[in-house]
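Asks: First, the structure itself, so that you have it in front of you.
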Amino acid sequence: MELNDGNLQTLTEFMRKTLDPDPSVRRPAEKFLESVEGNQNYPILLLTLLEKSQDNVIRVCAAVTFKNYIKRNWRIIEDEPNKISDPDRTTIKANIVNLMLSSPEQIQKQLSDAISIIGREDFPMKWPDLLTEMVTRFQSGDFHIINGVLRTAHSLFKRYRHEFKSNELWLEIKLVLDTFASPLTELFKATIELCQTHATDINALKILFSSLTLISKLFYSLNFQDLPEFFEDNMETWMSNFHNLLTLDNKLLQTDDEEEAGLLELLKSQICDNAALYAQKYDEEFQPYLPRFVTAIWNLLVSAGQEVKYDLLVSNAIQFLASVCERPHYKHLFEDQNTLTSICEKVIVPNMEFRSADEEAFEDNSEEYIRRDLEGSDIDTRRRAACDLVRGLCKFFEGPVTAIFSGYVNSMLGEYAKNPVVNWKHKDAAIYLVTSLASKAQTAKHGITQANELVNLTEFFVNHILTDLNSQNVNEFPVLKADAIKYVMIFRSQLPKEQLLQAVPLLVAHLQAESTVEHTYAAHALERLFTMRGPNNSTLITPTEMAPFTEQLLNNLFKALALPGSSENEYIMKAIMRSFSLLQETIVPYIPTLIGQLTHKLLLVSKNPSKPHFNHYLFESLCLSIRITCKANPTTVGSFEEALFPVFTEILQNDVQEFVPYVFQVMSLLLEIHTSSIPNSYMALFPHLLQPVLWERAGNIPPLVRLLQAYLEKGAATIASSAADKIPGLLGVFQKLIASKANDHQGFYLMNSIIEHMPTESIVQYRKQIFILLFQRLQSSKTTKFIKSFMVFINLYGVKYGAIALQEIFDSIQPKMFGMVLEKIVIPEVQKVSGPVEKKICAVGITKILTECPAMMDTEYTKLWTPLLQALIGLFELPEDDSIPDDEHFIDIEDTASYQTAFSQLAFAGKKEHDPIGDAVSNPKILLAQSLHKLSTACPGRVLSMLSTSLNAEALRYLQGYLQAASVQLV
Numbered sequence: 000m001e002l003n004d005g006n007l008q009t010l011t012e013f014m015r016k017t018l019d020p021d022p023s024v025r026r027p028a029e030k031f032l033e034s035v036e037g038n039q040n041y042p043i044l045l046l047t048l049l050e051k052s053q054d055n056v057i058r059v060c061a062a063v064t065f066k067n068y069i070k071r072n073w074r075i076i077e078d079e080p081n082k083i084s085d086p087d088r089t090t091i092k093a094n095i096v097n098l099m100l101s102s103p104e105q106i107q108k109q110l111s112d113a114i115s116i117i118g119r120e121d122f123p124m125k126w127p128d129l130l131t132e133m134v135t136r137f138q139s140g141d142f143h144i145i146n147g148v149l150r151t152a153h154s155l156f157k158r159y160r161h162e163f164k165s166n167e168l169w170l171e172i173k174l175v176l177d178t179f180a181s182p183l184t185e186l187f188k189a190t191i192e193l194c195q196t197h198a199t200d201i202n203a204l205k206i207l208f209s210s211l212t213l214i215s216k217l218f219y220s221l222n223f224q225d226l227p228e229f230f231e232d233n234m235e236t237w238m239s240n241f242h243n244l245l246t247l248d249n250k251l252l253q254t255d256d257e258e259e260a261g262l263l264e265l266l267k268s269q270i271c272d273n274a275a276l277y278a279q280k281y282d283e284e285f286q287p288y289l290p291r292f293v294t295a296i297w298n299l300l301v302s303a304g305q306e307v308k309y310d311l312l313v314s315n316a317i318q319f320l321a322s323v324c325e326r327p328h329y330k331h332l333f334e335d336q337n338t339l340t341s342i343c344e345k346v347i348v349p350n351m352e353f354r355s356a357d358e359e360a361f362e363d364n365s366e367e368y369i370r371r372d373l374e375g376s377d378i379d380t381r382r383r384a385a386c387d388l389v390r391g392l393c394k395f396f397e398g399p400v401t402a403i404f405s406g407y408v409n410s411m412l413g414e415y416a417k418n419p420v421v422n423w424k425h426k427d428a429a430i431y432l433v434t435s436l437a438s439k440a441q442t443a444k445h446g447i448t449q450a451n452e453l454v455n456l457t458e459f460f461v462n463h464i465l466t467d468l469n470s471q472n473v474n475e476f477p478v479l480k481a482d483a484i485k486y487v488m489i490f491r492s493q494l495p496k497e498q499l500l501q502a503v504p505l506l507v508a509h510l511q512a513e514s515t516v517e518h519t520y521a522a523h524a525l526e527r528l529f530t531m532r533g534p535n536n537s538t539l540i541t542p543t544e545m546a547p548f549t550e551q552l553l554n555n556l557f558k559a560l561a562l563p564g565s566s567e568n569e570y571i572m573k574a575i576m577r578s579f580s581l582l583q584e585t586i587v588p589y590i591p592t593l594i595g596q597l598t599h600k601l602l603l604v605s606k607n608p609s610k611p612h613f614n615h616y617l618f619e620s621l622c623l624s625i626r627i628t629c630k631a632n633p634t635t636v637g638s639f640e641e642a643l644f645p646v647f648t649e650i651l652q653n654d655v656q657e658f659v660p661y662v663f664q665v666m667s668l669l670l671e672i673h674t675s676s677i678p679n680s681y682m683a684l685f686p687h688l689l690q691p692v693l694w695e696r697a698g699n700i701p702p703l704v705r706l707l708q709a710y711l712e713k714g715a716a717t718i719a720s721s722a723a724d725k726i727p728g729l730l731g732v733f734q735k736l737i738a739s740k741a742n743d744h745q746g747f748y749l750m751n752s753i754i755e756h757m758p759t760e761s762i763v764q765y766r767k768q769i770f771i772l773l774f775q776r777l778q779s780s781k782t783t784k785f786i787k788s789f790m791v792f793i794n795l796y797g798v799k800y801g802a803i804a805l806q807e808i809f810d811s812i813q814p815k816m817f818g819m820v821l822e823k824i825v826i827p828e829v830q831k832v833s834g835p836v837e838k839k840i841c842a843v844g845i846t847k848i849l850t851e852c853p854a855m856m857d858t859e860y861t862k863l864w865t866p867l868l869q870a871l872i873g874l875f876e877l878p879e880d881d882s883i884p885d886d887e888h889f890i891d892i893e894d895t896a897s898y899q900t901a902f903s904q905l906a907f908a909g910k911k912e913h914d915p916i917g918d919a920v921s922n923p924k925i926l927l928a929q930s931l932h933k934l935s936t937a938c939p940g941r942v943l944s945m946l947s948t949s950l951n952a953e954a955l956r957y958l959q960g961y962l963q964a965a966s967v968q969l970v
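The sequence shown lines up with residues 0 to 970 when you count with numbering that gives the first Met the number 0.
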C-alpha cells in the first residue's frame, strides 16, 4: 500500500464504517481492514491518519486500530511469517514516541500502550535508545509531554511487579535504573517544589498531582523485585516527601464528587501501597520511617468518610496496616488491648458496613458486584481489606480479637432481631465479620480449608443462616439471602454433609430469585457443592441423593437463564454443565427438551460472542448431553446432528472465530460415536476442512486435526473411493504442520491416522514424498519432540506395512539410509519415547525390524542388530529419558501465538487414547520372545551367537526372563 492521499481516503472511509452499528456495514469493513493489514505501509498509513486527519473521531479510531494491530502482530512467532515488515518496524519505532508526546491525551494513551507492547518484545535489545529518548523529555518543562513519558514508562515497567526473577529481568531492571532512577528522583523533587510554587493555581496543581501519582507508581514498579541501591541511598528524599504528601490537605484539590476518587486520594492510595511494599519486603531498611507512616495512615483512616471516592485510599491504607501487623517485629505496635479495641472499633467495623453505594451496586450493577465479591477481583473493596486486616491481627492476637468481635456480632444480631426490616444491614455486617474471623485459609476448589477454632460455624449456620434460606419468600431481603448462600459456599468443607444436603433444595429454590446476585450465588453454590469429593473419590453428593430435586434443579437452572440480566450468566451455565456431569444418565429423559434450549441459546450468542466463559460452558454442556445420551443409546447421535448442524453451518459460514474450534470438537465427538460408515452430511463438509485459511489460525489446529482423524477412522474407504482428489490436500495439511516446531506433533497425529486407516493403494504413490518431507525437517531443525513423534511414526509404518517395506522405502530415498536412521536416531533416542501407547508401537515396530527384516541378518546392517535389541530392552526396563539438549529451544505447545483466539480444549469432548495395535499385542515383551524364537528356528545358532558375543549381561538377563514368561527358548 503506497503512502498516498487515495489510500488515506480509502482507509478513512472504512474506519468510519467500522463504527457503524449496523453489522452488515460494520462486518465487511472489519474484514477489509483485516485483509489489508499484512501489506507494507499499512501501520504507517494508520499513524499518518491519527496525526493528520481533520476528523477527531477518525483520529481516535485510527489510534485504537493501530494499538490493536500492534498487539496482534508485533510479536514474531517462530515458524510463522513476520506480519510487520522490517522497514515498517523501523519507521514505527523512529516516530512513535514523538507522535505520542505531541498527541492529545485520548490518542496519547493508545500510543503509550502500543509503545509498551513493542517495548515488551524489543526493549532493551532491539530498541536501546527508547529510554534515553524518553528521559531527555523530562527537561522540556512541559507537563503534557512529561506525563506522556511517565504514563508510557509506567505501562512499560509495571510488568516488573509480576515477572519471575531471572537474569534477563535483573539486567533489564539494572539498565532502567541506571538511566531512569536519578532523573525520576530529580523530577519528583522538582514537581514537589512546583506544587508549593503553584499552591493556589488549581489547573497547575491538577497536572502536577497527576505527575506525582505516576511517579509514585513508577517507584512501586522499580522497587518491587528488590531494593535498588539507588533508592536505598535516596530513601530519605523519597520517604520524607511521601510522608509530607500523605499529610497534605490542599482545599483546592478536594472534590465534591462522591463517587470518583480525586487526585489527592489517588496519590495517597499509591503512597500507602509504596509504604506497604517497603514494610513487607524491606522492613529493616524501612524501620526508621515506619512509626510516622503508621501514625499518618491511621489518621487518614479515621478521618476518611464513607463516600465511594475514598474506597481505594481506605482499602490501601487498611492493607498497609494488615501487612504491618503480621510482621513479627512490628507486633509490639498492636499488643495493647486498647489499640486492638480502637482498630476494631474505628477501622474494621465501620468498613464492614453495607453502604448505600454497595446496595446500588447489588441491585443495578450486579455483574461488577459479583466480580468483586465472588472472584475477589483486583478492585479492592473496603470490606475485603478489613477482612484481610482481621486475618492479619488474628495471626498473633486470635483470642483477644475474637473476643472483641464476638461482642460486636452479638449486638449487631440483637439489633437485627429487634426490627429486621429496618436493621437488616446489621445482620449483613455480622455475617461478614463471622466469615472474616473464621476464615484462616481458603482455596477456590475447596472454599475455607482452615477455620478459627474459636468460632462455631455449624451453630451459626443453624441459628442464623438456615432461617434466611428457609424463608418462603425468596425475594425478601435479597442481600441477606445472598450472604446466607455465600456462607454455605465458602464453608462447604467445614459444614457436615447432612447440613449441605439440607441446603441443596433451598439453593435450587433460590435459582428463581429476581435478584441477579442471589440467583447467581445459588447457581455458583450448587456448582461448587457438586464438585466436592466424598469417600473413595466419588462425589460427596450422589445422583441418588439428588433424585428428588433433579427435575426442579434442571427447570430452575434453565428458567434462571431467562431472568433479566442473566441471559449469558456464566455461573448458571457452569452449574448446568456440572449438574449434567453429576447426574449422568438420570438426565436422559430431559435431554430432548434441554437440547432445544441449548441450541437456541447457541444460535443467539453466536450472533455476537461476548462472554467467553459462558460460551465455553455452553459447549461443554452440549458435549455432556451428547456423551451421556449416546452412551445409553448410540443411535440417538442422528437426532443431535439434526438439532446442531443448522447452527454449526451458520457459525462456519459466518466464520465466528471464537466458536469454530468448539464446533470442530463437538463434530469430532459426534462422528466418533458413529458405528457404521461416514454420513453424507460430513462428506459434504470434508473439502472445506482442507482450506488453507482455516489452518492459519493456531486455535483451529488441534480440533481440526482431531476432526480429520475422526474422518479417517470412520470413513477412510469413502474418502479413498469418492474423494481421492482430496488426498493431496490432506497431505498438504500434513506438510504445513510438519514444518512448524509448534505444530509438528499435530502433523504426526494426522499422518499416523492416514497410515493406520487409509487403504494402502490410495496412498502408495505419496509414501516416498512423505518420508522425504520428514528428512528435510530433520535436517533443518531436529527437536526432541520431533524425534519422539518421528520414531512413533516409522514404527507404526513398520507395524502396518511390515519391516521390509520400511527398510525398502528408506533405502530407495538414499542407499544405506535405513542403517543411518537406526544408528543415529532409533538406537540412541528410543529411550525418550513417552506414553504407554507410543512405547508399545515402538516396541512392536522394533521387534519386527529385528525379526522380520532379512537385511538385518545378511548385510552390513547386521552390526546394528544387537545394539537395536539392547535399545529395545532399555525401552522396556530403563526409566524414560526426559532430558532435553541444552541448546534446544523446546517449544511449549501452549507457548505459541498468544494474541490469537487460543484453542480452548473442551473437557467433556475428551477423546479416549487410541491404541492402533490394540489387542493384537497385549504384552510386547512376550511378542519379542516369541518373534526371536521364530527367527532362531529359521536361522539356527545365529541368534544365540549374536546374543552371546555382544549383548550386555544385564540385558541378557532381562531377555531370558521374557523367554521364560513366553515359555519359549532360542535354538
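Yeah, the Cβ is synthetic: ideal placement off N, Cα and C, and Gly gets one too.
Do three or more CB pairs link the region 153-169 to the region 96-107 at distances below 8 Å?
Replies: These segments do not touch.
Asks: Determine the closest residue to Ser-34 out of Val-692, Glu-859, Phe-774 and Asp-914, with distance taken between C-alpha atoms.
Replies: Nearest of Val-692, Glu-859, Phe-774 and Asp-914 to Ser-34, Cα basis: Val-692.
Asks: State yes or no: is the C-beta of Glu-325 within less than 9 Å of the C-beta of Lys-394?
Replies: Going by C-beta atoms, Glu-325 is nearer than 9 Å to Lys-394.
Asks: If you measure between the beta carbons of Phe-658 and Asn-614, is that distance less than 9 Å?
Replies: Yes.
Asks: What does a CB cutoff of less than 8 Å around Leu-2 pick up in its chain, not counting 5 residues either side in sequence?
Replies: Cβ neighbours of Leu-2 beyond the five flanking positions: Asn-40, Ile-43, Leu-44 and Thr-47.
Asks: Since Arg-532 sits in a beta bridge, which residues does DSSP pair it with?
Replies: Arg-532 is bridged to Thr-538.
Asks: Am I right that Leu-703 and Trp-694 are in contact with their C-beta atoms under 8 Å? What's the rounded C-beta distance?
Replies: With 8 Å as the limit, Leu-703 and Trp-694 qualify as a contact, their Cβ atoms being about 7 Å apart.
Asks: On the CB-based measure, 16 or more other CB atoms within 10 Å of its CB, does Asp-310 come out buried or exposed?
Replies: Classification of Asp-310: buried, given that the 10 Å Cβ count is 16 or more.
Asks: Which complete alpha helix (DSSP H) runs does the region 191-245 hold, if anything under 4 residues is left out?
Replies: You should have 201-223 and 228-232.
Asks: Looking at Leu-276: is its Cβ nearer than 9 Å to the Cβ of Tyr-329?
Replies: Not in contact: Leu-276 and Tyr-329 (Cβ atoms no closer than 9 Å).
Asks: Thinking just about the alpha-carbon of each residue, which of Tyr-661, Leu-18, Lys-735 and Ile-91 is nearest to the one in Gly-746?
Replies: For Gly-746, the nearest C-alpha among the options comes from Lys-735.
Asks: Given Ala-428, which residues of its chain have a CB within under 7 Å of its CB, disregarding the five upstream and five downstream residues?
Replies: Cβ neighbours of Ala-428 beyond the five flanking positions: Met-351, Glu-352, Phe-353 and Met-411.
Asks: Where does Met-819 land, buried or exposed, given buried means 16+ other C-beta within 10 angstroms?
Replies: So Met-819 counts as exposed.
Asks: Output the boundary residues of the alpha helix (DSSP H) element that contains Leu-332.
Replies: Where Leu-332 is concerned, there is no enclosing alpha helix (DSSP H), given that its DSSP letter is neither H nor E.
Asks: With distance defined between alpha-carbon atoms, name the residue in Val-798, Ala-683, Ile-116 and Glu-306 nearest to Asp-256.
Replies: Checking every option, the nearest Cα to that of Asp-256 belongs to Glu-306.
Asks: Distance, Cα to Cα, Leu-621 vs Gln-286?
Replies: Near 59 Å, if we compare the C-alpha coordinates of Gln-286 and Leu-621.
Asks: Rank Cys-194, Arg-766, Phe-789 and Thr-846 by C-alpha distance to the C-alpha of Ser-811 and give the top, closest one.
Replies: Measuring from the Cα of Ser-811, the nearest candidate turns out to be Arg-766.
Asks: Specify whether the region 313-322 and the region 354-371 touch according to this definition: at least 3 beta carbon pairs, one from each stretch, less than 8 Å apart.
Replies: These segments do not touch.
Asks: Measure how close the beta-carbons of Ala-719 and Met-757 come, nearest whole angstrom, since I'm counting them as under 8 Å.
Replies: Indeed they touch by this definition, with Cβ atoms about 6 Å apart.
Asks: Do Leu-974 and Tyr-710 have their C-beta atoms closer together than 9 Å?
Replies: Shown here, the chain extends from 0 to 970; a query on residue 974 therefore has no answer.
Asks: Quick test of your reading: Ala-906 and Glu-619, contact by CB under 8 Å. State the CB separation rounded to the nearest angstrom.
Replies: Indeed, because the Cβ distance is near 6 Å, the residues count as touching under 8 Å.
Asks: According to DSSP, is Ser-720 helix, strand or coil?
Replies: If DSSP states are grouped into helix, strand and coil, Ser-720 belongs with the helices.
Asks: Can you check whether the CB of Asn-222 is closer than 9 Å to the CB of Asn-298?
Replies: Not in contact: Asn-298 and Asn-222 (Cβ atoms no closer than 9 Å).
Asks: Taking 7 Å as the limit between beta carbons, can you name the residues of its chain near Val-408, skipping five residues before and five after?
Replies: Correct list, in chain order: Ala-429, Leu-432 and Val-433.
Asks: Quick test of your reading: Ile-786 and Lys-831, contact by CB under 8 Å. State the CB separation rounded to the nearest angstrom.
Replies: Indeed they touch by this definition, with Cβ atoms about 7 Å apart.
Asks: What residue does the alpha helix (DSSP H) around Glu-876 start on, and which one ends it?
Replies: Counting along the chain, the alpha helix (DSSP H) containing Glu-876 begins and ends at 864-876.
Asks: Quick check on DSSP: helix, strand or coil for Ala-919?
Replies: Residue state, collapsed to three classes: helix.
Asks: Going straight from the alpha carbon of Leu-931 to that of Thr-846, what length do you get?
Replies: Looking at the two C-alpha atoms, the distance is approximately 8 Å.
Asks: Are Glu-50 and Val-96 close, meaning C-beta to C-beta below 9 Å?
Replies: Cβ atoms of Glu-50 and Val-96: not closer than 9 Å.
Asks: How long is the line joining the alpha carbons of Leu-958 and Gly-873, rounded to whole angstroms?
Replies: Distance between the alpha carbons of Leu-958 and Gly-873: 11 Å.
Asks: Report the residue ranges of all alpha helix (DSSP H) runs contained in full by the region 760-798; include only those spanning at least 4 residues, in chain order.
Replies: Whole alpha helix (DSSP H) segments, 4+ residues: 766-779.
Asks: Just verifying my parser: in three-state terms, what is the DSSP assignment at Ala-901?
Replies: At Ala-901 the pLDDT is 47, less than 50, meaning the model places this residue with poor confidence; the figure from the coordinates comes in the next sentence. Note: Ala-901 maps to coil in three-state DSSP.
Asks: Assuming Ser-215 and Asn-146 are in contact, meaning their beta carbons sit under 8 Å apart, how far apart are those beta carbons, in whole angstroms?
Replies: At roughly 13 Å, the Cβ-Cβ gap does not stay under 8 Å, so Ser-215 and Asn-146 are not in contact.
Asks: Alpha carbon to alpha carbon, how far is Gln-583 from Ala-842?
Replies: In a straight line, the C-alpha of Gln-583 is about 39 Å away from that of Ala-842.
Asks: Check this for me: beta carbons of Arg-577 and Leu-525, under 9 Å apart or not?
Replies: Yes, Cβ-Cβ distance for Arg-577 and Leu-525 is below 9 Å.
Asks: With distances taken from CA atoms, which of Asn-607, Leu-617, Pro-608 and Phe-579 is nearest Leu-597?
Replies: Ranking Asn-607, Leu-617, Pro-608 and Phe-579 by Cα distance to Leu-597 puts Leu-617 first.
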